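J.: Chains as they are written, first to last, in my numbering: chain A, 6 to 484; chain B, 6 to 484.
Where a beta carbon is used, it is the ideal one built from N, C-alpha and C, also for glycine.
Note that the coordinates shown come from a computational prediction; the quantities given were computed from them, not determined experimentally.
There are 2 protein chains.
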Amino acid sequence: MAGLPEAFLAAIQADFPPDFLSLDAGDLATFGRDWTKVHAPSPGAIAFPRTTDEVSRLLRLCSAHAVPVVPSGGRTGLAGGAVAARGELVVSLDRMRHMGPVDMLGGTVRVQAGAVTEAVHQHCAAQGLTWPVDFASKGSSQVGGNIATNAGGVKVIRYGLTRQWVLGLQVVLANGDVLEVGGALEKNNTGLDLRQLFIGSEGTLGIITEATLKLTRLPGHLDVLLFAVADLAGVLALFREARMGGALAPGAGLEPGHGPFTVTAYEFFTERCLDRVKRHRKVRNPLSAPSDYYVLMEVENAHRDALEAWVASLFERELVTDGTLAQHSSQAAELWTLREGISESLSATGLPHKNDVALPISELSGFCAGLDDLFARRYPGWEICLFGHIGDGNLHINVMKPDDLTREQFLARTHEADHDIFALVKAHHGSISAEHGIGLLKKDFLGYTRAPAELALMRAVKRTLDPQGLLNPGKILDA
Amino acid sequence: MAGLPEAFLAAIQADFPPDFLSLDAGDLATFGRDWTKVHAPSPGAIAFPRTTDEVSRLLRLCSAHAVPVVPSGGRTGLAGGAVAARGELVVSLDRMRHMGPVDMLGGTVRVQAGAVTEAVHQHCAAQGLTWPVDFASKGSSQVGGNIATNAGGVKVIRYGLTRQWVLGLQVVLANGDVLEVGGALEKNNTGLDLRQLFIGSEGTLGIITEATLKLTRLPGHLDVLLFAVADLAGVLALFREARMGGALAPGAGLEPGHGPFTVTAYEFFTERCLDRVKRHRKVRNPLSAPSDYYVLMEVENAHRDALEAWVASLFERELVTDGTLAQHSSQAAELWTLREGISESLSATGLPHKNDVALPISELSGFCAGLDDLFARRYPGWEICLFGHIGDGNLHINVMKPDDLTREQFLARTHEADHDIFALVKAHHGSISAEHGIGLLKKDFLGYTRAPAELALMRAVKRTLDPQGLLNPGKILDA
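1. Just by C-beta distance, which residues in the region 190–207 of chain B are closer than 9 Å to chain A?
2. Leaving out five residues on either side along the sequence, give the residues of the same chain with a beta carbon under 7 Å from the beta carbon of B:P137.
3. Could you check the C-alpha separation between A:K431 and A:D377 for me, to the nearest Å?
4. Which residues, taken in chain order from the region 457–480 of chain A, show a beta carbon closer than 7 Å to some beta carbon of chain B?
5. If we cut at 8 Å on Cβ distances, does B:P137 have a partner in chain A?
6. So A:M98 and A:A118 are in contact, right, with Cβ under 8 Å, and what is the actual spacing, rounded?
7. What three-state label does DSSP hand A:F427 in the structure shown?
8. Go through its chain and collect everything with a Cβ distance to A:A156's Cβ below 8 Å, but skip five positions before and after it.
9. For A:R382, is the classification buried or exposed, using 16 other Cβ atoms within 10 angstroms of its Cβ as the cut-off for buried?
10. Less than 7 Å between C-beta atoms, sequence neighbours within five positions excluded: which residues of the same chain meet that for B:T154?
11. Let me check you understand the geometry: is the CB of B:G444 closer than 7 Å to at least one non-hydrogen atom of the ligand ZN?
12. Using a Cβ cut-off of 8 Å (strictly closer), state whether A:S438 contacts chain B.
13. Under DSSP, the beta strand (DSSP E) around B:M249 begins and ends at which residues?
14. Taking a contact to mean a Cβ-Cβ separation below 8 Å, would you say A:R281 touches A:T354 in this structure?
15. In chain order, what residues of the same chain have a beta carbon less than 6 Å from the beta carbon of B:G79, not counting five sequence neighbours either side?
16. Could you confirm whether any beta carbon from chain B is found closer than 8 Å to the beta carbon of A:I366?
17. Flag this pair as yes or no: are the beta carbons of A:V107 and A:Q132 separated by less than 8 Å?
18. Do you know offhand how far B:M101's Cα is from B:P46's?
19. With burial defined as no fewer than 16 other Cβ atoms inside 10 Å of the residue's Cβ, what is the status of A:T269: buried or exposed?
20. Below 7 Å CB to CB, which residues in the same chain sit around A:T135 once its five sequence neighbours on both sides are set aside?
21. Does the beta-carbon distance from A:H358 to A:T454 come in below 8 Å?
22. What in chain B is Cβ-close to A:A363, meaning under 8 Å?
23. Alpha carbons only, please: which of A:H333, A:F320, A:S367, A:M405 is nearest the one belonging to A:L356?
24. Have a look at B:S142, B:T326, B:Q332 and flag the residue whose alpha-carbon is nearest the alpha-carbon of B:E349.
25. In whole angstroms, give me the CA-to-CA distance for B:L526 and B:Y299.
26. Can you tell me which of B:I389, B:L9, B:P291, B:L446 puts its alpha carbon nearest to the alpha carbon of B:A69?
27. Inspect the CB distances between the region 459–473 of chain A and the region 459–471 of chain B and report whether three or more fall short of 8 Å.
28. Does B:D423 come within less than 8 Å of chain A when only Cβ atoms are used?
29. Taking the beta strand (DSSP E) that B:A359 falls in, what are its first and last residues?
30. Take B:S318 as the anchor and find which of B:T275, B:E272, B:E246, B:G375 has the nearest alpha-carbon.
31. Would you mind working out which of B:V304, B:S61, B:K287, B:H285 sits nearest B:Q175, comparing C-alpha positions?
32. Reducing DSSP to helix, strand and coil, say where A:T209 ends up.
33. Measure the C-alpha to C-alpha separation of B:N194 and A:S438 and round it to an integer number of angstroms.
34. Does the CB of A:Q169 have a neighbour CB from chain B at under 8 Å?
35. Could you tell me the alpha carbon to alpha carbon distance between A:A257 and B:V116, rounded to whole angstroms?
36. Name, please, each residue of chain A whose Cβ falls closer than 8 Å to the Cβ of B:D108.
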């Protein structure tokens, strides 16, 4: 690996503040990768701009010296999108955390890309508003990274993906030009919506430096429920009931469609996941007996009596085998821990290989049956921990390393298994990544989910915006 | 104007059904334009495909013979996007109206692009679901056209634009290739989201032939209210209250953010608009006295007592000067007529010149003051009828032809006035088209709202997807 060009480093020294660039070994290790640990970090240097103008001048310089760039946010990604493994210059947004005043009337806020998700939540909560992009890594993840990866999370069923909550973007292009697209506008039909190119582009088309975020009211009262169901069909049958907001509950006295609540989360996990959480977090199962499948459901603005009547009717109709409704907020938090603790507990108790697939909800049963069959035939004895945002069709498939394989053997076998899994995803009209993105880790598999004509179009857009191929090279696809 | 090439017509005759192409004068006149009347229709022929394969083979033929194409849906557009004024071949989706079964579990439906909006509503309502894209022209507008124009409407404040309700698209490209993007997936983060290129592209990048639509529950109980307020500041102050769902109403006994209702529409209009509706539709003002400004508000799932307490508090706090809450559905429909009848009544009682601009909500006051000042200075005596979806920052500015100007004089003056209006829009960080789109009518003004770098990028994408420039040529921008 060659270092950064001398002339480039000299220009940085001449034109930027003394603390602009870091070659510190600790910084190189920290800022050279995200939460994935597959690739070793090896950046050429880390730049810490404070302003859009600095980012602009930096990219102009990178373009002149053909220096490849890896944009870097909170580095909580799970696809290697922020990994700098080949001597690239990392551009960290860490110092660009300014948040403008909340526009109460318009329900918007303008922030720099390095603003941390949770800080945005706190900034807006005082006004009774929120940016409803929410997930476990909110304490580290940054707005720019959320947008660049079109982040998902546990509230997508209620609020949609990050894409829906971005009104305007300021983006620095590969040549240093600053593009302002959108603005504080809900409606703007004036040709191609350029925001959409950058949202989910994983830093390959430009560096997002500022965003105008769309806000919504803080949610109303939330109720959290945990149910045990016999099988995946039961998970889906219960989902159908929940989606109608309990409107079909006998005795609820409500018209169809006029249900007593709105579903804000519908998550499922298996006993294998819960078992790992119990071991790692020393928590207990709040239900009286283990079950193969669990559903965690959160609902907003429930009429309490109607909700309880609905739950009772689920038991009567044998749609659930057990269940509990949190009676206060600490109980609700305990139930959430069972679900949100899974990822961490899997990593703490073993070596998981992660996949994050999406299926049309109507294909979930068939897909999961096929998955069981596939592993029984090809990878017998492997432990599969299945959980996810099933209300969005999003399954997290975690394969745990068997004791009799080394780490290297396991990674080689899972690469093989991924081809099998993704062939099954394709057969069921799914996506190989629901929310984590492609980055480096899923690049080899992109053809399972995007047709050649799509890939050609993606490459054409990439060439138009980044003709030198300097922005996050090798991520999503090779040029 | 030269006709279509003989060899092209011969190939159509050889390879397509006998009723595929129409040269009938009535069809040419009907299918050669949309609701705009500025350009005279002059298409070369009208094609009526029944299948995606026919569209694909047709576009391959058009590409081979360099025949320009105008895609045509329900032709209810207001920007001239579906006008064929230069001998183009119109491709009507009228025969592609098939609707697949509603997927209850996934909350989706797959339809052909020619399915009429209202037919989709009826198709889904039986299952308690709806595609919440809704506007006055729903009886004619088609799904493909709605998507190609990213249609808006009166429920955007609640549900967002069409863009949010499209999961998958089938698009025929200029060379005849059929692209399938998305699918019945809520989440799919696998590189560039190509759906977004086609949504709002006004037929310039491909012809949408099928779509998988995202559905939602039918709304719960709706209440409709009409208020009189003194001025625009009052319209906005009331909006702030409504947006918080009445949560700040003294005595409602609710926490901030836990309001008793969800706003599904927040519309305003002026006395001048109401006066035209009263003259044309022979309706009366349900309030006791005229007011300069009116607000029509629709709310969902209101707690009736809390809603009435909120309304009472608006009077007490002098946030409104008068108001009424519809007591039953026919009264609600009467209130809606006052707002939805405006467009038709303006056209029936005079010659309106329409603009459809969007402003950040926080800029609305300043913009409207500037507009008043502009017309007082430059166009004294002109009647401006102002109404719109103010909750989305969307103003419909209708300038009525003064009696002392001919139609031609008026159109020339309004073209001049548009430059003044759009300069004001630009100064207030707005958009020259909130929902109608650019088409032919606003093309000359696009530079007021999109920067040169944006226009260059739009042109680059257009050249990539349609190198011959055959798809809806001259719409949005010249190649």
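T.: Result, derived from the coordinates:
1. L190, E191, K192, N193, N194, T195, G196, L197, D198, L199, R200, Q201, L202, I204, G205, S206, E207
2. In the second sequence, the residue the question calls residue 137 of chain B occupies position 132. The residues K160, Y164, W170, T221, in chain order, have a CB closer than 7 Å to that of B:P137 in the same chain once the five nearest residues on each side in sequence are set aside.
3. Taking the first sequence and counting its residues from 1, the one referred to as residue 431 of chain A is at position 426. Taking the first sequence and counting its residues from 1, the one referred to as residue 377 of chain A is at position 372. In a straight line, the C-alpha of A:K431 is about 16 Å away from that of A:D377.
4. Answer in chain order: A458, E459, L462, M463, A465, V466, T469.
5. Your numbering for residue 137 of chain B matches position 132 in the second sequence. It does not: the Cβ of B:P137 has no partner Cβ on chain A nearer than 8 Å.
6. If you number the first sequence from 1, residue 98 of chain A lands on position 93. If you number the first sequence from 1, residue 118 of chain A lands on position 113. Note that residue 98 of chain A is Leu in the sequence shown here, rather than Met. With a Cβ gap of about 5 Å, A:L98 and A:A118 count as contacting.
7. Here residue 427 of chain A refers to the residue found at position 422 of the first sequence. If DSSP states are grouped into helix, strand and coil, A:F427 belongs with the helices.
8. Here residue 156 of chain A refers to the residue found at position 151 when the first sequence is read from its first residue. Cβ within range, chain order: V138, F140, S146, G150, L166, T167, E440.
9. If you number the first sequence from 1, residue 382 of chain A lands on position 377. Result: exposed.
10. By 1-based counting over the second sequence, the position of residue 154 of chain B is 149. If we look at B:T154 and ignore the five residues flanking it on each side, its Cβ neighbours are G82, G86, G205, E207, G442.
11. The ligand content of the structure shown is nil, which means the ligand ZN is not present either.
12. Along the first sequence, read from residue 1 onward, the residue named residue 438 of chain A stands at position 433. Chain B, which has a Cβ nearer than 8 Å to the Cβ of A:S438, makes this yes.
13. As a position in the second sequence, residue 249 of chain B is number 244, starting the count at 1. It is not in any beta strand (DSSP E) - B:M249 carries neither H nor E in the DSSP assignment.
14. Position 276 of the first sequence, counting from 1, holds the residue named residue 281 of chain A. Position 349 of the first sequence, counting from 1, holds the residue named residue 354 of chain A. A contact, by the Cβ cut-off of 8 Å.
15. The residue you call residue 79 of chain B lines up with position 74 of the second sequence. S145, S146, Q147, G150, listed in sequence order.
16. Taking the first sequence and counting its residues from 1, the one referred to as residue 366 of chain A is at position 361. Cβ-Cβ to chain B under 8 Å: yes for A:I366.
17. For the purposes of this step, residue 107 of chain A is taken as the residue at position 102 of the first sequence. For the purposes of this step, residue 132 of chain A is taken as the residue at position 127 of the first sequence. Cβ distance < 8 Å, so A:V107 and A:Q132 count as in contact.
18. Position 96 of the second sequence, counted from the start, is the residue given in the question as residue 101 of chain B. Position 41 of the second sequence, counted from the start, is the residue given in the question as residue 46 of chain B. Cα-Cα distance, rounded: 23 Å.
19. Within the first sequence, residue 269 of chain A is the residue found at index 264, counting from 1. Its Cβ being crowded by 16 or more others within 10 Å, A:T269 is buried.
20. Along the first sequence, read from residue 1 onward, the residue named residue 135 of chain A stands at position 130. Once the five neighbours on either side are set aside, the close Cβ partners of A:T135 are H126, C129, L220, T221, L223.
21. Here residue 358 of chain A corresponds to residue number 353 of the first sequence, with the count starting at 1. Here residue 454 of chain A corresponds to residue number 449 of the first sequence, with the count starting at 1. No, they are not a contact pair.
22. As a first step, residue 363 of chain A must be located in the first sequence, where it is residue number 358. Within chain B, the residues near A:A363 are L190, E191, K192, N193.
23. Here residue 356 of chain A refers to the residue found at position 351 of the first sequence. Nearest of A:H333, A:F320, A:S367, A:M405 to A:L356, Cα basis: A:M405.
24. As a first step, residue 349 of chain B is located in the second sequence; it is residue number 344 there, counting from the start. Of B:S142, B:T326, B:Q332, the residue nearest in Cα terms is B:S142.
25. Past the boundaries of the shown model lies residue 526 of chain B; chain B is included only from 6 to 484, so the question cannot be answered.
26. To locate residue 69 of chain B, count along the second sequence from 1; it is residue 64. Minimum Cα distance to B:A69 is reached at B:L9.
27. Taking 8 Å as the limit for Cβ pairs, the verdict is that the region 459–471 of chain B does touch the region 459–473 of chain A.
28. On the second sequence, position 418 is the one that residue 423 of chain B refers to. Chain A, which has no Cβ nearer than 8 Å to the Cβ of B:D423, makes this no.
29. Sequence index remark: in the second sequence, residue 359 of chain B carries index 354 (1-based). It should be noted that the sequence gives Lys, not Ala, for residue 359 of chain B. Going by DSSP, B:K359 is part of the beta strand (DSSP E) stretching over 357–363.
30. The sequence position of residue 318 of chain B within the second sequence is 313, counting from 1. The residue among B:T275, B:E272, B:E246, B:G375 with its C-alpha nearest the C-alpha of B:S318 is B:E246.
31. Your numbering for residue 175 of chain B matches position 170 in the second sequence. Checking every option, the nearest Cα to that of B:Q175 belongs to B:S61.
32. Here residue 209 of chain A refers to the residue found at position 204 when the first sequence is read from its first residue. Of the three classes helix, strand and coil, the one that applies to A:T209 here is coil, per DSSP.
33. In the second sequence, counting from the first residue as 1, residue 194 of chain B sits at position 189. In the first sequence, counting from the first residue as 1, residue 438 of chain A sits at position 433. C-alpha separation (whole angstroms): 6 Å.
34. For the purposes of this step, residue 169 of chain A is identified with residue 164 of the first sequence, where counting begins at 1. It does: the Cβ of A:Q169 has a partner Cβ on chain B nearer than 8 Å.
35. Counted from its first residue, the first sequence places residue 257 of chain A at position 252. Counted from its first residue, the second sequence places residue 116 of chain B at position 111. Because A:A257 sits at a pLDDT of 42, beneath the cut-off of 50, its placement in the model cannot be relied upon, and the following sentence gives the value as read from the coordinates. Rounded to whole angstroms, A:A257 to B:V116 spans 34 Å at the Cα level.
36. The count along the second sequence starts at 1 and reaches residue 108 of chain B at position 103. What B:D108 touches in chain A: P365, I366, S367.
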